[in-house]
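Line by line, the protein sequences are chains A and B.
My numbering applies: residue 85 is where the first sequence begins, and numbers increase by one.
My numbering applies: residue 26 is where the second sequence begins, and numbers increase by one.
Everything below concerns the one structure shown next.
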Amino acid sequence: MSEQPIEVNESFRSKLKKIDARDAKLSMAHLYVAFIALFLGGLAGLLQVLVRSGSFELPWGINYYQVLTVHGVLLGLILTTFFIFGFQTAAMSVAVGTLSSNQRRLGWIGFWVMTIGTAMAAVMVLLNEASVLYTFYAPLQAHWIFYAGLALVVVGSWIAALSEALRWMKWRKDHPKQTTPLLGFMVVCNNLMWFIATIGVATEVLFQLLPWSLGFVDRVDILLSRTLFWSFGHALVYFWLLPAYMIWYAIVPQIIGGRIFSDALARLSFIMFVLFSVPVGLHHQLTEPGVDGSWKFLQVVLTMMVVIPSLLTAFSLFATFELRGRELGGKGIFAWLKKLPWHDVRFFAPFIGMLVFIPGGAGGIVNASYQMNQLIHNTIWVTGHFHLTVATAVMLTFFGATYWLVPHLTGRTLTKEMNKLGIIQTILWALGMGIMSISMHVAGLMGAPRRSSFSDYGGAEIAKTWLSYQIAQAVGGTLLFIAIILFLYIFIKLCWATPKGHEEFPIALVSDHAQETPAILENFKLWIVILVALVLIAYTYPIYDIISNAPLGSKGYKLW
Amino acid sequence: MSKKQDTNDNLKGTFYLSMTIGVIIVAVWASCFAIFMDRF
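Structure representation (structure tokens):
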């Protein structure tokens, strides 16, 4: 069995082990913005759960929906996007090679465009001119600067993605007929999916929301705007998840001293995620009138296809862990689990994230089931669901990565003390999210709505049954905010205070027993054609139907 | 067969854990389906 040339060449690997200082600076710039967003968005989250507990009122006339918008935009869009591009910049630089001056310049342009866009959107939210939540559904109408800011965040991310793609293409040109480094391949997959997905939301913002909010047109087609949003919105979930998968597949095996179970399987999973992340947005609109049921059904089927790469990933990761555990002397069916490095936060945090992703994914299958969606649609179950997936599985993985990435970038080390605090932070996060998310799921099944301030509904009997769960959410949310403070303390220490030294950027080798990776998996021309075809099949007729049967449209509303 | 190959051949734990995920998915889905049937 042969291996990937890049993976076995130890001398080549050693040259790539340490990131170039200029690339490290670019990566760190993204992380600073990401974690400022984490603090502010987390604070907004704490305020929300306290309000919903019924025992706290927002001071100074602050609007609940303003706080909800801050929470959703800063954590769902800004924290994630900035962290992902910070991580991907570093991953590309270490795994594929140092960025050229032009590529780095593009990276900085992307960063500043995203940052300016973030500032524009944030100012409008803080001025209470854009309390439209992170989905910014029309006919709620925000100030045009909010939409322009979000558009700049997307454009900036395209520029950053281009910088990374150019680096990968340069490697490919320099190493003809060789399989590209796995981590670089994964970054390209994620950026490709992101680019295709954001076309829909960019179209919505540029051709619907901006002209409407600027007063150039009076009315907006609500259904079209929501359909364009969700053509992006579900892929956004995978844009969050795929970097976590990069860490699970390519980083965690090195941390535990093991090997990647199969390079080909990892690449196949990523290709499947790319193909089945975009043409599936209608499963977020299953109760939406105006879209024919057969198209919803088609997209539900395509949605369910992601179960395959998800289970491939679970199998591959378990196999990596079991092989390593047995190598260390673990016996029996499950006793090898004890041999894994549970005291190493770089493993512990992402592993807890993986575990939580199991019920998170199971809940997602319920959400996407055509009929059962009625059971949970617009209830707080959905909020509980994405707090398991993005806010736990993804975020714990990002936290775990931060604990080695930041000292690698700053030339410092993850000390035993910081490692211990990281373990405590992980446990606090898992506990807080467990309490909050389970409460959300149960209350959702009992009919409690999402996106609603206190939900007492004038003392309605059914609303009283939700109250204890809302108090539990406040308890969980408080633990989460404490975990955020602890995380930021560790982050600051890793930036400026822990001893100087070299912290590894762990990139795993592929198992000696893995088969050679088929070249077709790197044939992006083929995958792009299939992806575009799937998107066209899934969306052409529904959008044609929406446009050709368009109603008068709606004027804008500011209900806050 | 070398010891290393013996080790690598043993993925029983992986098999059972993968099956467990399947069981969890089915159990969550079936529970919600039961509630759905009860209500609609």
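The beta-carbon is built from N, C-alpha and C at its ideal position, and this holds for glycine as well.
In this structure, does DSSP put residue i in helix, strand or coil?
| i | result |
| --- | --- |
| B:Asn35 | coil |
| A:Arg189 | helix |
| A:Arg106 | helix |
| A:Val385 | helix |
| A:Val237 | helix |
| A:Val375 | coil |
| A:Val390 | coil |
| A:Lys423 | helix |
| A:Lys261 | coil |
| A:Phe119 | helix |
| B:Tyr41 | helix |
| A:Tyr313 | The sequence as given places Phe at residue 313 of chain A; Tyr does not occur at that position. The answer is helix: DSSP assigns A:Phe313 an H, G or I state. |
| A:Glu411 | helix |
| B:Lys29 | In this predicted model, B:Lys29 has a pLDDT of only 49, less than 50, meaning its place in the structure is not dependable enough to derive any value. |
| A:Lys99 | Only weak support exists for where A:Lys99 lies, its pLDDT of 49 falling under 50; the value from the coordinates is given anyway. The answer is helix: DSSP assigns A:Lys99 an H, G or I state. |
| A:Val321 | helix |
| A:Pro491 | helix |
| A:Gly468 | helix |
| A:Val209 | helix |
Determine the extent of the alpha helix (DSSP H) in which residue i is found, giving its start and end residues.
| i | result |
| --- | --- |
| A:Tyr541 | Careful: A:Tyr541 lies outside any alpha helix (DSSP H) and carries neither H nor E. |
| A:Ile614 | 608-632 |
| A:Asp347 | 347-361 |
| A:Glu587 | No alpha helix (DSSP H) holds A:Glu587; DSSP gives it neither H nor E. |
| A:Arg430 | 429-452 |
| A:Glu288 | 266-288 |
| A:Ala475 | Here A:Ala475 belongs to no alpha helix (DSSP H), and DSSP marks it neither H nor E. |
| A:Val170 | A small correction: the amino acid at residue 170 of chain A is Gly; Val does not occupy that position in the sequence shown. From DSSP, the alpha helix (DSSP H) with A:Gly170 extends over 164-179. |
| A:Gln338 | 336-339 |
| A:Tyr148 | 148-155 |
| A:Leu294 | 294-297 |
If you measure from the beta carbon of residue i to each beta carbon in chain B, is any gap under 7 Å?
| i | result |
| --- | --- |
| A:Ile436 | no |
| A:Ser98 | Since pLDDT at A:Ser98 reaches only 49, below the 50 mark, its modelled position is unreliable, and the value read off the structure follows with that caveat. By this cut-off, A:Ser98 is not an interface position. |
| A:Ile442 | yes |
| A:Ile576 | no |
| A:Glu372 | no |
| A:Val238 | no |
| A:Ile340 | no |
| A:Leu459 | yes |
| A:Asn93 | With a pLDDT of only 49 at A:Asn93, under 50, the local geometry of the prediction cannot be trusted, and no value is derived from it. |
| A:Ala446 | yes |
| A:Ala398 | yes |
| A:Ala214 | no |
| A:Met389 | no |
| A:Glu600 | no |
| A:Glu406 | yes |
So the candidates are the options; which of them puts its Cα closest to the Cα of residue i?
| i | options | result |
| --- | --- | --- |
| A:Gly640 | A:Gln225, A:Trp513, A:Lys102, A:Leu134 | A:Gln225 |
| A:Ala203 | A:Thr173, A:Thr219, A:Leu161 | A:Leu161 |
| A:Gly138 | A:His469, A:Gly341, A:Ser552 | A:Ser552 |
| A:Gln338 | A:Val619, A:Ile591, A:Ser638, A:Phe608 | A:Ile591 |
| A:Ala556 | A:Trp420, A:Ile631, A:Gly409, A:Gly516 | A:Gly516 |
| A:Phe300 | A:Pro260, A:Asp258, A:Trp228, A:Ala281 | A:Trp228 |
| A:Phe538 | A:Met530, A:Trp550, A:Glu545, A:Leu529 | A:Trp550 |
| A:Ser521 | A:Gln455, A:Trp465, A:Val238 | A:Trp465 |
| A:Met198 | A:Phe167, A:His471, A:Tyr454 | A:Phe167 |
| A:Phe354 | A:Pro363, A:Gln509, A:Thr397 | A:Thr397 |
| B:Ile60 | A:Trp420, A:Leu529, A:Phe123 | A:Leu529 |
| A:Trp192 | A:Leu246, A:Val154, A:Ile630 | A:Leu246 |
| A:Asn457 | A:Thr371, A:Gly268, A:Gly437 | A:Thr371 |
| A:Ile392 | B:Asn35, B:Ser43, B:Lys37, B:Gly38 | B:Ser43 |
| A:Leu110 | A:Asn147, A:Phe565, A:Ser177 | A:Ser177 |
| A:Ala319 | A:Lys380, A:Asn186, A:Leu366 | A:Leu366 |
| A:Gly506 | A:Gln383, A:Val429, A:Ala232 | A:Val429 |
| A:Glu606 | A:Glu248, A:Leu210, A:Asp347 | A:Asp347 |
| A:Leu131 | A:Ile120, A:Thr153, A:Tyr116, A:Asn451 | A:Thr153 |
With DSSP as the reference, identify every bridge partner of residue i, one or two as the case may be.
| i | result |
| --- | --- |
| A:Leu224 | A:Tyr641 |
| A:Pro533 | A:Thr463 |
| A:Val594 | A:Ile344 |
| A:Arg496 | A:Lys584 |
| A:Val304 | A:Ser638 |
Closest Cβ-Cβ distance between residue i and chain A: below 7 Å?
| i | result |
| --- | --- |
| B:Val53 | yes |
| B:Ser27 | With a pLDDT of only 45 at B:Ser27, under 50, the local geometry of the prediction cannot be trusted, and the value read off the model is given with reservation. For B:Ser27, the answer is no, since every Cβ of chain A falls outside 7 Å of its Cβ. |
Comparing the CB of residue i with every heavy atom of the ligand GTP, is any distance shorter than 6 Å?
| i | result |
| --- | --- |
| A:Thr164 | Among the components modelled here there is no ligand, and therefore nothing to report on the ligand GTP. |
Distance cutoff 7 Å, beta carbons only. Does residue i sit that close to anything in chain C?
| i | result |
| --- | --- |
| A:Met456 | Here chain C cannot be found, since the structure's protein chains are A and B. |
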